[in-house]
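These notes are about the structure you will find just below.
Residue numbers (mature numbering (1 follows the signal peptide of the UniProt record, and there is no 0)): -28 to -1, 1 to 343.
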């Protein structure tokens, strides 16, 4: 680009800065880019820079903090994004709305690295695995303070069972040291239903009345429902039990260890089964940079790329070929990488008809209010 003479005449420093600034913008505009939308703090510390160096493609990276924000952006307007990290729970809505592009596997050489067992579970939300690549995944279970739970229930505490929190005689004792649960009807009510031997994705209103009765009986012993506060409270010893995400419990454990505060945190995946969730990589149907988007997805399908992400975030990835590259402390931890037997008990959650969603919302309101 040529600079206008007028800039030079106004002063050499200002003129040169203006010229080089404009030239820089033009150069950046000409460079290939990929626009990515992901959860906050949900990628490796060098992943984006490494991708740029490897591919020559500039990642433009934005973050969100709730699935509702993501769905609102994708369903109401052209977002301008190419690749988005969407939960498996959001996939049916996004697929039905025509927001996603089918993934051409012949343009994703890394597809063959994916774990077929995980793909089969993900297919409950993405039939035929047409639209989504599993990125990171995890489970919902019980995080607990080892010493306080032992003090409350003794050495025979049912640490490997939902009985720990759904049997009133146990929860009444644990309530003395503090119990928290996710503020999420779409995650907590399926767990209660499953515990009662009912379908976790039930559409029968009578099933929800049974789950309501169970949770109302337990409500006096639950300190609060919140989907973030429990992490710090568990690591600080302010509560002794929380029902939530595997990664959040591992974060609480790490925080306590780093603080050297004497709090020992463990995570249990109940033997009866629990929800498994996936955060997936999807390509938007109106992606402005389709080729670059596919290049970014395939980059994250490389075992040597995704393994450090799992190490950094303490979440397993969907890449079977990456498992040997994950740090032993991570891959050998059954709270992060469940055994095959545990995997067989896991179930995925599904969006429900609007009428059932209304029932679920009313039930949850009663449970939270204790009436």
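Backbone N, C-alpha and C define an ideal beta-carbon position, used for all residues, glycine too.
All values reported here derive from a predicted model rather than from experimental measurement.
Exercise for review: Assuming residue 199 contacts residue 155 (C-beta within less than 8 Å), just tell me the rounded distance between them.
Suggested key: Residue 199 to residue 155, Cβ: 5 Å. Contact.
Practice item. Taking only the alpha-carbon atoms, compute the straight-line gap between residue 302 and residue 218 and give it to the nearest angstrom. Key: Here the alpha carbon of residue 302 sits roughly 13 Å from the alpha carbon of residue 218.
Point to revise | Assigned secondary structure, residue 162 (DSSP; H/G/I helix, E/B strand, else coil) | key: Helix at residue 162.
Review point. How would you write the range of the beta strand (DSSP E) that residue 180 sits in, first residue to last?
Key: Where residue 180 is concerned, there is no enclosing beta strand (DSSP E), although the alpha helix (DSSP H) it sits in stretches over 177 to 190.
Point to revise | Short Cβ contact (8 Å threshold) for residue 241 with residue 314 | key: Yes, they are a contact pair.
Review point. Taking the alpha helix (DSSP H) that residue 265 falls in, what are its first and last residues?
Key: Going by DSSP, residue 265 is part of the alpha helix (DSSP H) stretching over 262 to 272.
Check your understanding: Just how far apart, CA to CA, sit residue 246 and residue 104?
Key -> Each residue's alpha carbon lies about 22 Å from the other.
Check your understanding: Do residue 188 and residue 8 have their C-beta atoms closer together than 8 Å?
Key -> Against a cut-off of 8 Å, the Cβ pair of residue 8 and residue 188 comes out as no contact.
Point to revise | Other residues of its chain near residue 336: CB distance less than 6 Å, five sequence neighbours each side excluded | key: Hits under 6 Å: 157.
**Study point:** Closest Cα partner of residue 232 within the set 238, 208, 254, 255
**Key:** For the set 238, 208, 254, 255, the Cα lying nearest the Cα of residue 232 is the one of 208.
**Study point:** Neighbour-count burial assignment, residue 178, 16 or more Cβ in a 10 Å radius
**Key:** Exposed.
Practice item. Specify, as a first and last residue, the run of the alpha helix (DSSP H) that residue 19 falls within. Key: First-last of the alpha helix (DSSP H) with residue 19: 19 to 27.
Practice item. Output yes or no for whether 8 Å exceeds the beta carbon distance between residue 259 and residue 73. Key: Closer than 8 Å, so yes.
Exercise for review: Using three-state DSSP, classify residue 16 as helix, strand or coil.
Suggested key: When DSSP states are grouped into helix, strand and coil, residue 16 belongs to the coil group.
Practice item. Would you identify the three-state DSSP class for residue 148, choosing helix, strand or coil? Key: In the three-state scheme derived from DSSP, where H, G and I count as helix and E and B as strand, residue 148 is classed as coil.
Check your understanding: Using the C-alpha atoms, what's the distance from residue 20 back to residue 366?
Key -> Nothing can be reported for residue 366: it is not among the residues displayed for the chain, which extend from -28 to 343.
Exercise for review: Taking all protein chains shown into account, decide if residue 31 is buried (16 or more other Cβ within 10 angstroms of its Cβ) or exposed.
Suggested key: Flag for residue 31 reads buried.
Review point. Rounded to a whole number of angstroms, what is the C-alpha to C-alpha distance between residue 101 and residue 234?
Key: Looking at the two C-alpha atoms, the distance is approximately 45 Å.
Check your understanding: Considering only C-alpha positions, which residue in the set 69, 117, 18, 85 is nearest to residue 226?
Key -> Restricting attention to 69, 117, 18, 85, the CA atom closest to the CA of residue 226 is found in 117.
Check your understanding: residue 255 and residue 262: beta carbons closer than 8 Å?
Key -> Residue 262 is positioned such that its CB atom lies closer than 8 Å to that of residue 255.
Check your understanding: Once you ignore the five residues that flank residue 170 on each side, which residues in its own chain have a CB closer than 6 Å to its CB?
Key -> Cβ contact annotation for residue 170 (same chain, cutoff 6 Å, sequence separation greater than five): 179, in chain order.
Check your understanding: residue 332 by DSSP, collapsed to three states: which one?
Key -> Helix.
Practice item. Specify the secondary structure class of residue 167 as computed by DSSP and reduced to three states. Key: Looking at residue 167 - three-state DSSP - the assignment turns out to be helix.
Practice item. Report, in whole angstroms, the separation of the C-beta atoms of residue 162 and residue 321, which I expect to be a contact under 8 Å. Key: Indeed, because the Cβ distance is near 6 Å, the residues count as touching under 8 Å.
Review point. Within 10 angstroms of its Cβ, does residue 288 collect 16 or more other Cβ (buried), or is it exposed?
Key: A residue is called buried once 16 or more other Cβ atoms fall within 10 Å of its Cβ, and residue 288 is buried on that count.
Practice item. Taking only runs that begin and end inside the segment 202 to 285, name each unbroken beta strand (DSSP E) of 3 or more residues, in chain order. Key: Fully enclosed beta strand (DSSP E) runs of 3 or longer: 213 to 217, 237 to 240, 248 to 255.
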